[in-house]
Structure formats: structure tokens, C-alpha cells
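Taken in order, the sequence shown gives residues 89 to 550; the numbers are from our numbering. Don't be surprised by glycine CBs; every beta carbon is placed ideally from N, CA and C. For clarity, every value in this text was computed on a predicted model and none was experimentally measured. Report on the following structure.
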Amino acid sequence: MFGLAWTDWQLWLVVAGIILLLYVGRPYLHGLFRGVFFGLAYVLRDVARRLENAGNNIYRQYIELVASHTAETLEQRLVSQEMKLEKRAPEIDRRISGIVDKLDTNQSDLSETLEAFRAVDLDERTLREVQDSIQARGQGQSRAKLSSAASDVRRAVKEELAPLRPHINALRSELKPMAENITRLRSISNELSRSSKQINKDLATFEECIHPDYERRRDAAQRQSILIPWLLSLLVMTVALTGVFLNFFLIQRPMAEIVGDDLQVMGVGLPTAAALVVIFLEAVAGIVLMDAAGITKITLISTLPRIHKRVLLYAAFAFLAAFSFFEAILAIQREVLIGIDQETTRRALGELPTEAGGEPGGISLTMIGQMVLAILIPWLLAVAAIPLETVVQNFILILRLVMHQITIFLAFVFAIVATVLKAIGLFVLRVYDLLIFLPLTIERMFRRLRGPARKKQASGAT
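As C-alpha cells, this is what we get:
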């Protein structure tokens, strides 16, 4: 070191001087190391605490959004179920009243039949006939006399039961309708029981979603699935986008005859831009139609007065009808353009023009199919606004969950870095004290020796 060997006294003098300087500057260097490492650790831990609080707040907002959305959905469902039950109540009352009337009629008929059965006293009648027959035949015990007595008894029983045969037949004919009416009542009861269970379940979930206690709202919100409805709605939206592409290819070529194909808009051909604008307007009209009808709540149309929503509903319906008619015309024009191109190709190849006798009126099955698609696709785009609402709402909720996880992860990372910095600071301080352990040991011994002397001086002064 510095050109000196380990056996040179100058090297040990330099080491002793450095140790002495480190011992003298110990309070200042300790303060510097603590300020650097512990200060950074404190700042990072504070950042981690703030990120954790932000993540918890994001998750709390997510819970509140899910709870409010679930409560709103359940409220609408309960209102619709109430309206449905109110509409079905007269029908159910009428059905139950008819079944009860039939059961009352069957009960009265059964009561009459039972009274007729009660009026028959077979035991007494049979016993009397047997006694009379035996007394009339004498006291003989021959088989002929007993057979004659049994025949008399059988004849007496048949005469007694003859008036009951119509009642028995009526009883048989009334048991089957009664069983059918009982089955109908049981089916109505099961249906009402299922409806009441569903209503009670929705009502219990609704009460938990609006409960003042956050823990209850959180438990109710955590039971709601947002990923599966989002995936299903996304699948439906993907199918709707395939319809958009199909619609685009159907109207792109005819649009060139309307707007021309020699201009471009931001590097895009004018027919392509015009077709995209038409599809965009159809989608907007569909969203307005669904919002004005109260099916979705994508825009603020649902908050408008009823008369304004009615006007927007009729206007959106008229626009979609006009777009359907317009696309049907474009479908006819597209078929005509395809026919002209085919005819031009045949003429360029020197072929004779074909007769159009196989297409009466100039309308083919292909043109009819294109017209049907052109009429239906705008309305299908309007229906696609229903899953679009779920996609947008659940995507926002999923983003909040992702932000919550990201902030919690960052808080964990900052907390780990703060702990590592604090451990490094403690390690540096321990290494520093290890380098100057000899002066520190002498200092401690000196303090230990001066401690009793100071106590004696303090007691003497007292």
C-alpha cells in the first residue's frame, strides 16, 4: 500500500491515522450514512404506503361501482318482475278461480255420492236376508239348502247396490278431472314459489348492495362476476364486427359510383371513407335508438325527459330505416355493376353477349340475398349496442382491478427496496464501527471507569 510493506511502521502509522480520523468523524459520518440510506428508505416506504392507500382506494371505488351497478340492475329486474306479476295477477286469479269452481263442483258431487253410500246398510240387510232364508228352508243342513240361501243373499246384495252404480260411474268420471285440476294448482303454486324465491334472492342481494356497512357491500360485490359477462359480450361484439366488415364490402363498390374514386381522404380512398362513414352513422343511430328505448344506458339520453327520448327514438328509427333503404339500393347497384363488368370482360375476350332471358325483370337470387343483408345489417348493428354497454362498463371495472393490482405490486416493490436500503445502511454502519472497534473499545472502557467516580461526585454534591 502506497509503496510500503506490511512490516513498515509508516504503514501502520497511516492506518492508525485513518482509524483515528474515522473515530473522530464518526458522529458526522454516521449521520451522513443514516441520512442517505435511512432517508431514502423512509421516502420509499412513504411512497409504498401512499401507493397502497391509492390501490385500496381504487379497489374501494371498484366495489362501490360494482355494488351500485348491481343494485341498479336488481332494481330494474324487481320492477320488471313486479310489473309482470301485476299483469299476470288477473290471469292467475281467473285460472285459480276456475279450478276452484271445478273442484267445488266435484266436491258437491262427491258429497252426494258419499251420502248415497252411507244410506246403504249392507250388514243389516244381508243378515236379515240370511236369517229369513234359513228359517224358510228349515233347519236342514243340506248343501242344496245352503246354496239356495247364498243365492238369496247375493240377490239381496245386488238389489241393494243397483242404485249405487250410477254414483260409482260418476265418481270414476270425476276423479280424473279432479286430479288434473289439482295438478294445475300444483304447477301454479310451483311457478309462484320459484318467482317468490328469485324475488327474495334479488331483494336480499339488493339490500346488501345498498347496505351502509362497507363490508356487506364488498361481500355482495365480490360475488358478482364481471369477467364472464364481459367475455360473452365481447364475443357478441366480435360477431357484430364481422357483420360490419361484410356490410363494408357490400357498399364500398357502389359508393364509388356516388362519390367517385379519384379522391383520397388522409391517404384513404373516398369510397372507402364514405362506406366507413355510413357504417359509423348506422352504429350511432343504433346506439341512440337503444338508449332512447331504455334498453341501454351508454349515453346521457336516458336522463332526458320522456318527450325528448320519444323524439330521439322516432328519429333514430327513421334514420335506420333510411339507411336500410339506401343500402338496398346500393345492393341493386352493386349487382348491376358486377353484370356490367362481366359483360365488358366477355366483349373484351370476343365472346357474344348472352341473353338475359333467365333473369325475369333483371332481379336474380344473388341480388335478393344482397338486398336482404343490406336491410338487416343496420338493425343488427343497432342490436349490437346491447352487448356494447356491458363491454364498456365491465372494461372500466376490469381496468380498475388492473390498476389496483399494479399499485399494490408497486407498493410491494417500493417497500422491499426500502427494507433493502435500510439493511444496507445498517450493514455500512456496522462495518464502519468494525473498522474503528479499537478506539470504540477504549472509549467504552474509559466510560466504564469514570462512571462510579461521577456517581460519587454527584452524591457528594447532593
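Cβ pair A419, M459 closer than 8 Å: When the beta-carbon positions are compared, A419 and M459 come within less than 8 Å of each other.
Buried versus exposed call for S321 [16 or more other C-beta atoms within 10 Å across all chains shown]: By the neighbour-count rule (16 or more Cβ atoms within 10 Å), S321 is buried.
Where E447 falls: helix, strand or coil (DSSP): Note that E447 scores 44 on pLDDT, short of 50, meaning its location in the model is unreliable and no value can be drawn from it.
Of the listed residues M171, A362 and A142, nearest to I287 (C-alpha basis): From the listed residues M171, A362 and A142, the smallest Cα separation to I287 is found for M171.
C-beta contact flag for S412 and I463 at 8 Å: The answer is yes: Cβ separation under 8 Å.
Same chain, Cβ closer than 8 Å to I184, neighbours up to 5 away in sequence not counted: Correct list, in chain order: L273 and I276.
L523 vs I107 beta-carbon contact at 8 Å: Contact: yes.
Own chain, CB closer than 7 Å to E443, minus 5 neighbours either side, in chain order: Per-residue confidence for E443 stands at a pLDDT of 48, beneath the threshold of 50, marking its modelled position as unreliable; the derived number appears in the next sentence. None.
Alpha carbon of A371 to alpha carbon of Q164, nearest angstrom: Distance between the alpha carbons of A371 and Q164 is about 26 Å.
Straight-line Cα distance separating I474 from M378: The alpha-carbon atoms of M378 and I474 are separated by roughly 7 Å.
The region 118 to 132 / the region 506 to 525 touching (three or more Cβ pairs under 8 Å): The region 118 to 132 vs the region 506 to 525: in contact.
Local conformation of G119 per DSSP, three classes: Three-state result, G119: helix.
Identity of the residues DSSP links to G331 by a beta bridge: DSSP lists no beta-bridge partner residue for G331.
Validate contact between the region 393 to 409 and the region 496 to 510 using beta carbons, cut 8 Å, 3 pairs: By the criterion of at least three beta-carbon pairs nearer than 8 Å, the region 393 to 409 is not in contact with the region 496 to 510.
Length of the line joining the Cα atoms of V424 and R398: Their Cα atoms are separated by approximately 39 Å.
C-alpha gap between V102 and L537, whole angstroms: For V102 and L537, the distance between alpha carbons rounds to 30 Å.
For G113, the three-state DSSP class (helix, strand or coil): The answer is coil: DSSP assigns G113 none of H, G, I, E or B.
Residues near T478 in its chain [Cβ-Cβ closer than 7 Å; skip 5 each side]: Apart from the 5 residues on each side of it in sequence, T478 sits with its Cβ closer than 7 Å to the Cβ of P317, W318 and S321 in its chain, given in chain order.
Alpha helix (DSSP H) runs contained entirely in the region 392 to 439, provided each spans 4 or more residues: Given a length threshold of 4 residues, each whole run of the alpha helix (DSSP H) inside the region 392 to 439 is given here in chain order: 394 to 436.
DSSP-derived helix/strand/coil call for G357: Assignment of G357 by DSSP, reduced to helix, strand and coil, places it in the strand class.
Spatial neighbours of P448 in its chain, beta-carbon cut-off 6 Å, leaving aside the 5 residues before and after: With a pLDDT of 43 at P448, under the threshold of 50, the modelled position of this residue cannot be trusted, and the question is left open.
Separation of G105 from G91, as counted between CA atoms: Its pLDDT being 49, under 50, G91 is placed unreliably in this model, and the value from its coordinates should be taken loosely. One alpha carbon belongs to G91, the other to G105, and they sit about 17 Å apart.
contact_flag[the region 499 to 511, the region 131 to 140] where n(CB pairs < 8 Å) is 3 or more: Touching, yes, given that three or more Cβ pairs across the two stretches are closer than 8 Å.
Which listed residue (V324, E296, P115 and E174) has its alpha carbon closest to that of A472: Residue V324 is the option with its Cα nearest to A472.
Contact check, P466 vs E415, beta carbons under 8 Å: Taking the C-beta atoms as reference points, E415 is found nearer than 8 Å to P466.
Same chain, Cβ closer than 6 Å to Q421, five either side skipped, listed in chain order: Taken in chain order, the residues that qualify are P342.
Under the three-state DSSP convention, the category H299 falls into: Taken through DSSP and simplified to helix, strand or coil, H299 comes out as coil.
Coil, strand or helix - G382 by DSSP: G382 falls in the coil class under three-state DSSP.
C-beta atoms of A373 and A470 nearer than 8 Å: One thing to note: A373 has its Cβ within 8 Å of the Cβ of A470.
Local Cβ density within 10 Å of L109, reported as buried at 16 or more and exposed below that: With fewer than 16 other Cβ atoms within 10 Å, it is exposed.
Unbroken alpha helix (DSSP H) run spanning R518, endpoints: Counting along the chain, the alpha helix (DSSP H) containing R518 begins and ends at A473 to L523.
C-beta contact flag for D290 and L166 at 8 Å: Yes, the pair counts as a contact, with Cβ atoms nearer than the cut-off.
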